[in-house]
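A quick write-up on the structure given underneath.
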Amino acid sequence: MTDAIPTNSAVVFAYHSVGVHSIKVLLARGVNIALVVTHNDNPNETIWFDSVAALCAEHNIPTLFEPEPEPLFEAVAKLAPDFIFSFYYRNMLPVPLLALAKRGAYNLHGSLLPKYRGRVPVNWAVLHGATETGATLHEMAAKPDAGAIIAQTAVPILPDDTAHDVFGKLTVASEQTLWDAIPKLLAGTAPRIINDLSKGSYFAGRKPEDGRINWQQTAQQVYNLHRAVAPPYPGAFTDQNGHRFIIKQARLANSPKANLPQGLSVVDNVVFGLCGDGRALRINELLFNGSLITASQLQQLLL
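This is the structure we're talking about:
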């Protein structure tokens with residue numbers, strides 16, 4: 001007598017807090033996770049999110065860290081999973097690998113597809129002043145974020161939300177989306193909605209240099225940049241008087257400050273950043289050489 005092969009088995013590619021919460025959903029819904037593939041943490045990156053590796057160790061789930069393509073393909077082929085899932089895994093999965101999933105391969109994406117396809121969708125949505133985003137479970141295809149949509153959950157982006165704030169909402173939205181969709185995927189009754197790529201746009205990744213402030217832009221544009229890259233992301237920065245400053249926390253000023261020069265200034269012991277439309281950001285926390293500086297310290301550096 002041989003052991004029965006587990007049904008509803010899955011190979012999961014995962015990273016970040018969304019990866020952790022999504023694996024927990026699969027376990028709670030009775031999916032048999034045969035293998036998790038994840039990333040090694042980058043020592044040059046601020047790791048503010050939950051650890052997939054730690055969760056897998058806790059649950060004794062076999063785990064591979066960034067394996068080479070050929071041994072990875074062989075490992076997944078041997079497991080012959082029903083499903084392949086990708087939860088904030090940072091690499092595209094090749095089509096031959098996806099084809100190893102007997103009942104489909106699915107990805108969780110941090111936007112309301114087809115909007116904001118591609119990299120760092122939360123940051124792009126905040127940068128562009130979007131008032132809503134969400135989580136989408138979709139089929140994986142040769143092109144990124146192009147497969148049929150299975151389920152979506154929307155979340156609001158409030159006027160002062162940073163990308164970090166929105167990511168917290170998306171983590172919950174991803175969990176809810178997956179929780180609702182898994183029973184339908186297991187039963188073979190999940191809907192497949194056409195992902196009309198003509199109604200959205202694709203965005204590439206962002207580099208630290210993309211956080212440089214252009215003070216000629218409007219105050220809302222500069223504020224959106226700050227919100228999109230505020231810590232724990234690298235932060236919006238400006239070079240002034242030979243020094244680099246990073247905005248940690250700011251708000252739009254209540255009244256115009258057109259009498260100030262563009263860029264950073266100190267007025268009545270308050271730091272402002274004047275923008276091209278005569279409006280300003282009131283900067284409540286400013287970083288210099290990795291530490292917070294006061295308005296009086298900034299004033300001395302700007303002399």
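First residue of the sequence shown? That's 1 in full-length UniProt numbering, and the numbers climb one at a time after it. Note that the Cβ used here is the ideal one computed from N, Cα and C, for glycine as well.
Check, Outcome
"Residue-chain proximity (F245, chain D), Cβ-Cβ < 8 Å", "In the displayed structure, chain D is absent; only one protein chain is listed."
"Whole-number beta carbon distance between Y15 and Y89, since they are thought to touch under 8 Å", "6 Å"
"Which residues DSSP lists as bridging L36, in chain order", "The residue you asked about is not Leu; residue 36 is Val in the sequence shown. V36 is bridged to V12, T63."
"Cut-off 8 Å between Cβ atoms - residues of its own chain near Q152, not counting five sequence neighbours on either side", "L112, L113, G134, A135, T136, L137, T177"
"Cβ distance (whole Å) where I84 is taken to contact A105 below 8 Å", "4 Å"
"Per DSSP, the bridge partner or partners of H109", "T136"
"Rounded distance between the beta-carbons of W179 and V25, thought under 8 Å", "5 Å"
"Close beta carbons around residue 310, own chain, < 6 Å, minus the five adjacent residues each side", "Not covered by the structure: residue 310. The range shown for the chain is 1 to 303."
"Close beta carbons around V222, own chain, < 8 Å, minus the five adjacent residues each side", "I213, N214, W215, A236, G273, C275, L281"
"Close beta carbons around N241, own chain, < 7 Å, minus the five adjacent residues each side", "L301, L302"
"Residues bridged to L264 [DSSP beta-bridge criterion]", "G273"
"Buried versus exposed call for H59 [16 or more other C-beta atoms within 10 Å across all chains shown]", "exposed"
"T177, enclosing alpha helix (DSSP H) - first and last residue", "163–187"
"Anticipated Cβ contact below 8 Å, S17 with T171, distance rounded", "5 Å"
"The region 217–232 contacting the region 151–169, beta-carbon criterion three pairs below 8 Å", "yes"
"Extent of the continuous alpha helix (DSSP H) run through P156", "Here P156 belongs to no alpha helix (DSSP H); instead the beta strand (DSSP E) covers 149–156."
"Element boundaries [alpha helix (DSSP H), containing E70]", "69–79"
"Terminal residues of the beta strand (DSSP E) in which H243 lies", "243–252"
"For S17, three-class secondary structure by DSSP", "helix"
"Pair within 8 Å by beta-carbon distance, Q299 and V266", "yes"
"Inter-residue spacing [alpha-carbon to alpha-carbon] between A295 and E209", "25 Å"
"Beta-carbon gap between A258 and I283 smaller than 8 Å", "no"
"Nearest-angstrom Cα separation, counted from L252 out to D268", "17 Å"
"Three-way DSSP call (helix, strand, coil) for G129 in this model", "coil"
"According to DSSP, residues forming a beta bridge with L281", "L252, G273"
"Euclidean distance between Cα positions of A190 and P183", "8 Å"
"Burial state of S198, where buried means 16 or more other Cβ atoms lie within 10 Å", "exposed"
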